[in-house]
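Counting from 1, one number per residue, gives the positions in the sequence shown under our numbering.
Idealized CB from N, CA, C, for every residue including glycine.
All values reported here derive from a predicted model rather than from experimental measurement.
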Amino acid sequence: VIAHNKPPFGYDLIHDGDKYKLIINKAEAQVIRLIFAMYTGTSGQQLTGTRDILRYLNEVGAAAPAGPGRWSLSTLHYVLTNETYAGTWRYGKKSTRGTAAYDELPTIAVPAIIAPDLWARVQEQRAANKKRPPNKVYDYLVSGMVTCGHCGGAMTAYSTTRSARHTRHYRYYRCNNAYSMGKSCQQGAGFPVEAVDGEIWAAVRDFLNDPGRVRDNLATYQEEQAASLEPFRQRLAVIDSLLAANGDKLTRLLDLYLSGEFDKDLLIERKQRLETAIAALEAERGHTIEAINSALSADDLAELAELAELAAQGLAIAEDDLAMRRLVVEKLGLEVVLTIVDGKKQVSGRCKLVPDLLVGESNHIRNAG
């Protein structure tokens with residue numbers, strides 16, 4: 001296969017004589033297979049919608065075309081509709097996709113990551129989904145913030161419908177590892193969303209309704225944050241300086257080569273060395289900036305202080321507004337741990353301002369048998 005662009009996610013491009021061909025990237029292909037299995041409810045996976053698949057992939061940091069844990073609905077759509085994964089690569093598919101001419105394009109067989117019948121099943125399922133009325137969308141207060149106390153893996157929200165005489169909807173947080181293909185966690189019990197969200201919000205509300213506690217915690221956090229972030233800021237300055245220096249070296253090196261003062265083989269060796277150093281520095285720079293940005297900004301802190309003042313005045317801030325409650329817990333940097341100890345379900349919550357926001361056995365969740 002002659003490919004002029006970056007190979008599709010799930011493949012690597014290698015040079016084979018005077019041609020290029022695709023070979024399967026094992027790590028990325030595993031993610032592709034998981035996506036198709038979750039979407040169709042096969043290979044031991046529960047039938048899962050695209051938004052829940054997206055949430056799961058990002059929470060577990062799954063490999064993605066844009067980098068680990070950086071999945072989007074458009075990227076997921078690309079995977080689910082890409083015939084290459086079923087072993088068929090078409091020339092000119094970008095300009096003809098969705099038209100009658102698409103089926104007439106010349107094709108080339110490539111290594112298949114999934115079975116052709118599975119790919120066809122997904123296309124049929126997607127077509128059927130478009131004809132159905134949209135499902136009711138449920139909102140979750142702490143989705144994306146929950147980890148399993150047993151294995152440390154991400155827990156995601158899911159809903160199920162049971163119908164006997166009356167149709168009822170049930171929503172739970174459950175450990176992804178307990179339901180993945182490997183089933184590496186034994187904590188398979190679900191935690192009811194309403195109970196978990198209710199206990200967490202009650203603890204957050206109690207904190208916000210204590211202005212003195214909020215002010216003290218804000219002041220303490222600001223002092224600790226300033227001290228903890230200073231080494232990162234200093235390192236960022238060093239990284240930027242090194243990047244500028246290496247960039248200048250690379251420019252001078254190319255100038256010397258173009259002027260005929262530098263041997264080509266020596267140029268290649270030094271150029272690769274500089275580019276490797278620059279790539280490593282850029283990666284470190286990204287991690288350093290991420291660490292700095294993970295802290296609460298001055299605007300975040302001011303907004304939390306304002307919310308606390310409103311609560312102290314007796315206003316029912318956010319009580320009937322899930323979007324506002326979600327904003328509050330996100331601003332707090334909330335982390336929730338759900339675990340089972342001696343058959344008893346426990347909900348624990350911590351955040352940047354309150355390390356011990358909620359600890360202990362739940363009073364409102366039915367315990368595991």
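Residues near residue i by beta carbon distance below 8 Å, same chain, minus five either side
i    : result
Q386 : For the chain, the structure presents residues 1 to 369; residue 386 sits outside this window and is missing.
R270 : L253
R213 : F207
Proximity to residue i [Cα-Cα], best of the options
i    : options                   : result
E275 : K249, G61 and H287        : K249
G190 : Y170, Q225, E282 and E59  : Y170
Q123 : S159, Y85, D139 and G144  : Y85
Q346 : A295, A195 and A237       : A195
A227 : A295, D263 and W71        : A295
V193 : E223, V359 and M145       : M145
A390 : N82, T251, D263 and L242  : What the structure shows of the chain is the stretch from 1 to 369, and residue 390 is not part of that stretch, so it cannot be assessed.
A237 : W201, L267, I268 and I289 : I289
G286 : R215, N129, K264 and G67  : G67
T42  : K19, W71, A115 and D18    : A115
D320 : V214, R235 and R205       : R205
Residue i CB to nearest heavy atom of the ligand MG below 7 Å
i   : result
T48 : Among the components of this structure there are no ligands whatsoever, and the ligand MG is therefore not found.
Exposure of residue i, with buried meaning 16 or more beta-carbon neighbours within 10 Å
i    : result
N135 : Only weak support is given to the placement of N135: the predicted model assigns it a pLDDT of 44, under 50, and the question is left unresolved by the model.
Q272 : exposed
T220 : exposed
N217 : buried
V79  : buried
I7   : Looking at the sequence shown, residue 7 is not Ile but Pro. P7 comes out buried.
A64  : buried
G69  : exposed
E230 : exposed
A157 : buried
Residue i versus residue j - alpha carbon distance
i    : j    : result
A100 : T88  : With a pLDDT of 43 at A100, under the threshold of 50, the predicted position of this residue should be treated as unreliable, and no value is reported.
L141 : R55  : 14 Å
L353 : V337 : 17 Å
Q222 : N209 : 20 Å
D197 : A323 : 13 Å
T50  : V31  : 14 Å
L332 : E284 : 26 Å
M155 : K26  : 25 Å
T81  : R126 : 9 Å
Y173 : S159 : 9 Å
L358 : K344 : 16 Å
K94  : S74  : Unreliable positioning characterises K94 in this predicted model, as indicated by a pLDDT of 49, which lies under 50. The coordinate reading is nonetheless provided below. Each residue's Cα considered, the two are about 15 Å apart.
G349 : E335 : 6 Å
G153 : I268 : 44 Å
R90  : I239 : 44 Å
A202 : S143 : 17 Å
D12  : K264 : 28 Å
R121 : I14  : 31 Å
P355 : Q46  : 35 Å
K21  : Q225 : 50 Å
D18  : T251 : 32 Å
Q234 : L118 : 52 Å
R168 : E282 : 51 Å
R215 : A302 : 10 Å
N129 : W71  : 21 Å
A244 : D16  : 38 Å
Own chain partners of residue i with C-beta closer than 6 Å, once the 5 adjacent residues on each side are dropped
i    : result
A291 : F232
T48  : M38
H4   : Note that H4 has pLDDT 48, beneath the 50 cutoff, so the model's placement of it is unreliable and no number is given.
N246 : L274, A277 and I278
S184 : N177
Own chain residues within Cβ distance below 7 Å of residue i, not counting five before or after
i    : result
I53  : I35, M38, Y39 and L76
D139 : L322
I113 : G10, I24, A29, I32, R33 and Y85
Given 8 Å, three or more beta-carbon pairs between the stretch 104-112 and the stretch 48-63
no
Item to complete: Could you tell me whether the stretch 326-336 touches the stretch 252-271, using the rule of 3 or more Cβ pairs below 8 Å?
Response: no
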